[in-house]
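> Start counting the sequence shown at 883; every next residue gets the next number (the numbering used here). We put the beta carbon where it would ideally sit given N, CA and C, even for glycine.
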Amino acid sequence: RAEIEQNYAKQLRQDWFGPSNQQAFQDVLNQLNDYAAQREQLSESMTLSICVELSRNLQELRQERKNHLCEVKKAQQNLESSSKLLETSKKRFEKEWREAEKANQQTEKVQLDANATRADVEKAKQHAHLRVHLADECKNDYASQLQKYNNEQNNFYHSEIPSVYKKLQEMEERRIRLLADGYVQFSETEKNVLPNINKCLDAISSTGRNINEKQDTLALIEQYRSGAAPPADVEFEDYSQGVKAAASDNTTTHLPKVRIKQLFHKKNKSIRIFVKSMYSSSQSECLDLSRLPPDQRRRRLQEKFDDIQKELQRETEQSEAMMKMKGVYEQNSQLGDPSSLQPQIIQTAHNIAKLRGELNKYQVQLTEAGGGTLQHYPASSEYITVLSESSVSPSENIYECEFDEDFDIDVPIGQCTALYDFDGGSEGAVSMHVGEQLSLMQEDQGDGWVRVQRANGDVGYVPASYIQII
């Protein structure tokens, strides 16, 4: 661990001699980091010294305003209660006064009646006197309630309401002053960090002026030039001297043919392998890499190969995780629906098959460039076509080589049955239907896929969870 830390420290101290524009970009990022630190400091200062204080004062002002409005509401309720009492006393006075008038009229009627006795007259007079007395009491009560209501009304509109409005005005003035002080404090805080921000901006401007574009382009040319000599002049071919020389030259320009011995038909009959996907899907990319020097080409291919391997590992782990989750859902349906994971499982299967095809392609190119040994990665059967020798034309750009070595034939290691439908639309995969009998060619290697062969001869990969081994 000590050696690792020491080497890491040495690497950190090493100066980086790159193009000036890349160094300038790194400097700009550093200055932007300092610039962001200044803005963070400004934000922190505003939060602690301005926003917190304003929030606290805002809560106090809200509570104060609520109290003032409660006072107004309470005074208004008292005035309404007094108004109800006044209305009640007024109605009672009106009722008693009508009863008194009615009693007086009844007394006069009894007095004018010749058949009425003296006792009836006295009784009527006493009743009328009682009603008049009650009416006078109601009148006095009504007058008292009216005076009380008028006093409360005058006090409400001339004393209590103006006082509350004045308090609200003072509260609003304090709120405005606090907000104005916050503006001033914000401006002062901004002024304190402006010098440092200006330094960062000046440093960025200076970095831009120090870029040397000519030196950068020359350094780039020096780094990526191949050093190969230009081709020589084309020599004159004198056909008047005969065609032997031309014929010998033409034989040397032809590409070597690769012929693989077909063991499972006749011994001397060769087959041809068409790897169309390798030369069709990435023709432009291969052309770009072919222009690079051998060392750089191997490095680029190795980087691509490593990236695809990492992506394939991630997709494989994701597929295993989803299959485990699906198994848990199948055991306990309360945790989730297993069918909801089906689209994700199929998409992951497509991605894995596609990545395997890409990995195969870059492995072949890396081997041709001398950067590694050829390893087997599953490829799609629809991109590899096996034909007889007579069915290939010279214009198909196919390499042919002849070997005397024998090759082993793939032998099924078992039989299996398809549990689900699988479309096999991705590279390296093969389609199957529910209940279809398949030949197991290769077991699961830990990536969740198995290699099978259909009855019609199609060979490819399918998810291991989609089949049941017999």
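What residues in its chain sit with their C-beta under 6 Å from that of Val-1312, if we drop five residues either side in the sequence?
Here residue 1312 corresponds to residue number 430 of the sequence shown, with the count starting at 1. Closer than 6 Å at Cβ, skipping near neighbours: Gly-1306, Asp-1340 and Gly-1342.
> How about the stretch 1331-1340 and the stretch 1179-1192: do they share at least three Cβ pairs that are nearer than 8 Å?
no
> Measure the alpha-carbon distance for Lys-1049 versus Phe-907 and round it to whole angstroms.
Mapped onto the sequence shown, residue 1049 falls at position 167. Mapped onto the sequence shown, residue 907 falls at position 25. When rounded, the distance between both Cα atoms is 60 Å.
> Might you give, ordered along the chain, the residues of its own chain that have their beta carbon closer than 8 Å to the beta carbon of Asp-1023, omitting 5 neighbours on each side?
Working through the sequence shown from its first residue, we reach residue 1023 at position 141. Only Ser-971, Arg-974 and Phe-975 meet the Cβ criterion.
> Give every residue of the same chain whose Cβ lies closer than 8 Å to the Cβ of Gln-1297, excluding the five residues on either side of it in the sequence, and list them in chain order.
Position 415 of the sequence shown holds residue 1297. If we look at Gln-1297 and ignore the five residues flanking it on each side, its Cβ neighbours are Gln-1319, Leu-1320, Ser-1321, Leu-1322, Ile-1351 and Ile-1352.
> In terms of alpha-carbon separation, which member of Val-1316, Glu-1325, Gly-1317 and Tyr-1302 lies closest to Pro-1294?
As a working note, residue 1294 is residue 412 in the sequence shown. It is Glu-1325 whose Cα lies nearest to the Cα of Pro-1294.
> Please report how far the alpha carbon of Gly-1218 lies from the alpha carbon of Met-1204, in whole angstroms.
Position 336 of the sequence shown, counted from the start, is the residue given in the question as residue 1218. Position 322 of the sequence shown, counted from the start, is the residue given in the question as residue 1204. Going by C-alpha positions, Gly-1218 is about 12 Å away from Met-1204.
> Anyone know if the C-beta pair for Leu-1248 and Glu-1197 falls short of 9 Å?
Position 366 of the sequence shown holds residue 1248. Position 315 of the sequence shown holds residue 1197. In this structure, Glu-1197 does not lie closer than 9 Å to Leu-1248 by Cβ.
> In terms of alpha-carbon separation, which member of Trp-979, Ile-1228, Thr-1299 and Gln-941 lies closest to Ser-1308?
Here residue 1308 refers to the residue found at position 426 of the sequence shown. Taking only the C-alpha atoms, the option nearest Ser-1308 is Ile-1228.
> In whole angstroms, what separates the C-alpha of Gly-1090 from that of Asp-1084?
Translated into the one-based positions of the sequence shown, residue 1090 becomes position 208. Translated into the one-based positions of the sequence shown, residue 1084 becomes position 202. Spanning the two alpha carbons is a distance of roughly 10 Å.
> Nearest-angstrom Cα distance between Leu-994 and Leu-967?
In the sequence shown, residue 994 corresponds to position 112, counting from 1. In the sequence shown, residue 967 corresponds to position 85, counting from 1. Whole-angstrom Cα-Cα distance: 41 Å.
> Using the DSSP secondary-structure output, state which residues sit across from Tyr-1343 in a beta bridge.
Position 461 of the sequence shown, counted from the start, is the residue given in the question as residue 1343. Tyr-1343 pairs with Ala-1311 and Arg-1333.
> Short of 8 Å in beta carbon distance, which residues of its chain neighbour Asn-1338, apart from the five on each side in sequence? Order them along the chain.
Counting from 1 along the sequence shown, the entry for residue 1338 is found at position 456. Closer than 8 Å at the Cβ level, and outside the excluded window around Asn-1338, lies no residue.
> How far does the alpha helix (DSSP H) with Leu-1016 in it extend, from its first residue to its last?
Walking along the sequence shown from the start, residue 1016 turns up at place 134. That run of the alpha helix (DSSP H) goes 1000-1037.
> Whose C-alpha, out of Gln-1105, Pro-1225, Arg-1182 and Arg-944, is nearest the C-alpha of Arg-1056?
Here residue 1056 refers to the residue found at position 174 when the sequence shown is read from its first residue. That would be Arg-944, whose Cα lies nearest to the Cα of Arg-1056.
> Tell me the DSSP bridge mates of Thr-1299?
Translated into positions along the sequence shown, residue 1299 becomes position 417. Paired residue(s): Gln-1319 and Gln-1350.
> In the structure shown, what three-state DSSP assignment does Phe-1118 receive?
Along the sequence shown, one-based indexing puts residue 1118 at 236. Coil.
> Using 8 Å as the Cβ pair cut-off and three pairs as the minimum, do the stretch 910-921 and the stretch 1032-1039 touch?
no
> Cβ of Tyr-1244 within 9 Å of Cβ of Leu-1183?
Position 362 of the sequence shown, counted from the start, is the residue given in the question as residue 1244. Position 301 of the sequence shown, counted from the start, is the residue given in the question as residue 1183. In this structure, Leu-1183 lies closer than 9 Å to Tyr-1244 by Cβ.
> Return the CA-CA distance between Ala-1001 and Thr-989, expressed in angstroms with no decimal places.
Here residue 1001 corresponds to residue number 119 of the sequence shown, with the count starting at 1. Here residue 989 corresponds to residue number 107 of the sequence shown, with the count starting at 1. As the crow flies, the alpha-carbon of Ala-1001 is around 12 Å from that of Thr-989.
> Apart from the five residues on each side of it in sequence, which residues of its chain come closer than 7 Å, Cβ to Cβ, to Ile-1079?
Stepping through the sequence shown from its first residue, residue 1079 is reached at position 197. Here Ile-1079 has Tyr-917 and Gln-920 as same chain residues with Cβ atoms under 7 Å from its own Cβ, once five neighbours each way along the sequence are excluded.
> Mind the definition here: the stretch 1039-1053 touches the stretch 1006-1015 only if three or more C-beta pairs lie below 8 Å; say whether that holds.
no
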